[in-house]
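Following: one structure in structure tokens, then a few remarks.
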Amino acid sequence: MPDRTLDAPEVARQQPAPDTGEPPALNRARPGQLSVWLFVIAAVVLVMIVVGGTTRLTQSGLSMVNWEPVGGVVPPLSEADWNAEFDAYKTSPEFQKINADMTVGDFKGIFFWEYLHRLLGRLLGLALVVPFLWFLARRAVPPGYARRLGGLVLLVGLQGLIGWWMVASGLVDRPDVAHERLALHLTTALVLLVGLIWTALDLRALAAGRSAVTGRPVRWVWPFAVLLGVQITLGAFVAGLDAGWMYNTWPMMRGSWLPPGLTELSPVWSNLVDNPVAVQFLHRWLAVVVAVAALVVASQLFRAGARHYAIALESAVAVQFLLGVFTLLHAVPVGLGVAHQAGAVLVLVITVAAAHWSMGGARNSVGSSQPSPSTRTKQFG
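Under full-length UniProt numbering, read the sequence shown as residues 1 to 381, first letter to last.
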């Protein structure tokens, strides 16, 4: 039989696919793109936390008395719109008990921050859900990461519900929001931020092909992270109870190391949550504990070879401590108060990054069934 000459497309079809040493699912994965996307989302969350702090400090959080998760994107544009929004605000306890002399012009000022905070929340949801679905459709999510990313999406939705639950607490009888709900709202935002950063760091390590162990264990980094979480939660209690406007002296509290009223509530444990004197007392002295603990963790990081994390952590904690003192001494001006909250988030981010370095990059752990690069060839080659 005469030889049949194959054309180029047919030759290409008959050529075996190149062996990359990875399973097909990994060939289509885009961990680098996912990592960049999550870092951008984390930056948006950070901005939201700062705007949320500004909203709280400017007493703007109860200016929007209706919850419209889908509608409400367009702000009031005409005088009639503004008057309608202002009339709705007049039904709130805050207006009736505190701001009865407020004009519509004053109302526009507080409305801006709450509107901006909610708008950023909507944008955050879109920026997380739409790319997530796109990456899923493209099968660009590495094995084991779909659940983690889906969990982050659900956490954003939960955070929105908690935010409205918090606002609703100040629309019935009391002219302010419940401080416990405020603390939960902030804590959930920080959990979301940590989840985003941790997953982004995992994906970045996976994209770089680093082995499962990229750092050295640092014993006290996780206890320090827990201590930091407790301190930030106390800070939320201070904000929610307006405790920052009490005892604006340092280090003593109006000439006393143990101010009166520390344990005036019953049962005694409720002072830890509901007593503004006790909450401020704990927050200011736990700050000293955090500063000392940061020295210990920074020294461990330095000896482990993570000098950049050691310097960053100690510098951030030192600045944050000074910001806290000046914020207290000046009776919580908006600028210093916002900077203090942002500083706390920065310390947390550095701590999380250092903990991730200590534990390694892309690990065979919860949320990732991906084998380490060093074993891929053995398993799939």
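Just so it is clear, CB atoms sit at the ideal spot from N, CA and C, and this is done for glycine as well.
Distance CB(residue i)-CB(residue j) smaller than 7 angstroms
i, j, result
"ALA278", "LEU262", "yes"
"VAL218", "GLN300", "yes"
"LEU323", "HIS340", "yes"
"PRO76", "GLU85", "yes"
"PHE132", "LEU154", "no"
"LEU124", "VAL44", "yes"
"THR199", "LEU38", "yes"
"LEU49", "ALA189", "A small fix is needed here, since residue 49 is Ile in this sequence, not Leu. Yes, the Cβ-Cβ distance between ILE49 and ALA189 is below 7 angstroms."
"ALA316", "VAL288", "no"
"VAL47", "TRP82", "no"
"VAL36", "HIS117", "no"
"ILE162", "LEU184", "yes"
"LEU234", "LEU282", "yes"
"GLN231", "LEU186", "no"
Distance, residue j Cα to residue i Cα
i, j, result
"PHE107", "PHE237", "26 angstroms"
"ILE41", "GLU180", "26 angstroms"
"ALA298", "LYS97", "48 angstroms"
"ALA88", "HIS308", "52 angstroms"
"VAL290", "GLY151", "30 angstroms"
"ALA212", "ALA344", "Bear in mind that a pLDDT of 44 at ALA212, under 50, signals an unreliable position, so the number given afterwards is only what the model happens to contain. Cα to Cα, ALA212 sits roughly 30 angstroms from ALA344."
"GLN33", "LEU193", "18 angstroms"
"ALA80", "MET246", "41 angstroms"
"ASP242", "ASN99", "17 angstroms"
"LEU158", "VAL70", "15 angstroms"
"GLY229", "THR58", "24 angstroms"
"ALA306", "GLY195", "22 angstroms"
"GLY144", "ASP202", "12 angstroms"
"ARG216", "GLN320", "27 angstroms"
"ARG147", "TRP269", "38 angstroms"
"LEU182", "ALA342", "16 angstroms"
"TRP134", "VAL334", "40 angstroms"
Contacting residues, own chain, Cβ-Cβ under 8 angstroms from residue i (five flanking each side not counted)
i, result
"VAL325", "TRP250"
"LEU336", "LEU323, PHE326, THR327 and HIS330"
"ALA225", "LEU348, THR351, VAL352 and ALA355"
"GLY244", "VAL238, GLN280, THR327, LEU328, ALA331, VAL332 and GLY337"
"MET102", "PHE95"
"ALA25", "Because ALA25 carries a pLDDT of 48, less than 50, the predicted location of this residue cannot be relied on, and no value is offered for it."
"GLY160", "PRO69, GLY121 and GLY125"
"VAL191", "LEU155"
"ASN248", "LEU328, LEU329, HIS330 and ALA331"
Cβ neighbour criterion (16 or more within 10 Å) applied to residue i
i, result
"ASN275", "buried"
"THR351", "buried"
"ARG303", "exposed"
"ALA294", "buried"
"MET253", "buried"
"THR271", "Reading off the sequence shown, one finds Asn at residue 271, where the question assumed Thr. ASN271 comes out buried."
"TRP113", "buried"
"PRO31", "buried"
"GLY381", "With a pLDDT of only 29 at GLY381, under the threshold of 50, the placement of this residue in the model should not be trusted; the figure read from the coordinates follows. Exposed, by the Cβ-count rule."
"ALA318", "exposed"
"ARG284", "buried"
Cut-off 7 angstroms between Cβ atoms - residues of its own chain near residue i, not counting five sequence neighbours on either side
i, result
"ASP173", "PRO93"
"VAL129", "VAL153"
"TRP67", "TRP164"
"ARG56", "ALA239"
"residue 382", "Residue coverage of the chain in this structure runs from 1 to 381, which leaves residue 382 outside it and unanswerable."
"VAL65", "ALA88, TYR89, THR91, SER92 and LEU171"
Nearest-angstrom Cβ-Cβ length linking residue i and residue j, presumed shorter than 8 angstroms
i, j, result
"VAL156", "ALA29", "The pair is not a contact, with the Cβ atoms about 23 angstroms apart (cut-off 8 angstroms)."
"LEU119", "VAL73", "7 angstroms"
Close beta carbons around residue i, own chain, < 6 angstroms, minus the five adjacent residues each side
i, result
"VAL221", "VAL297, ALA354, ALA355 and SER358"
"ILE197", "ALA42 and VAL352"
"PHE111", "SER63"
"GLY170", "LEU62, ASP176 and VAL177"
"THR54", "TRP113 and VAL338"
"SER60", "ILE110, TRP113 and GLU114"
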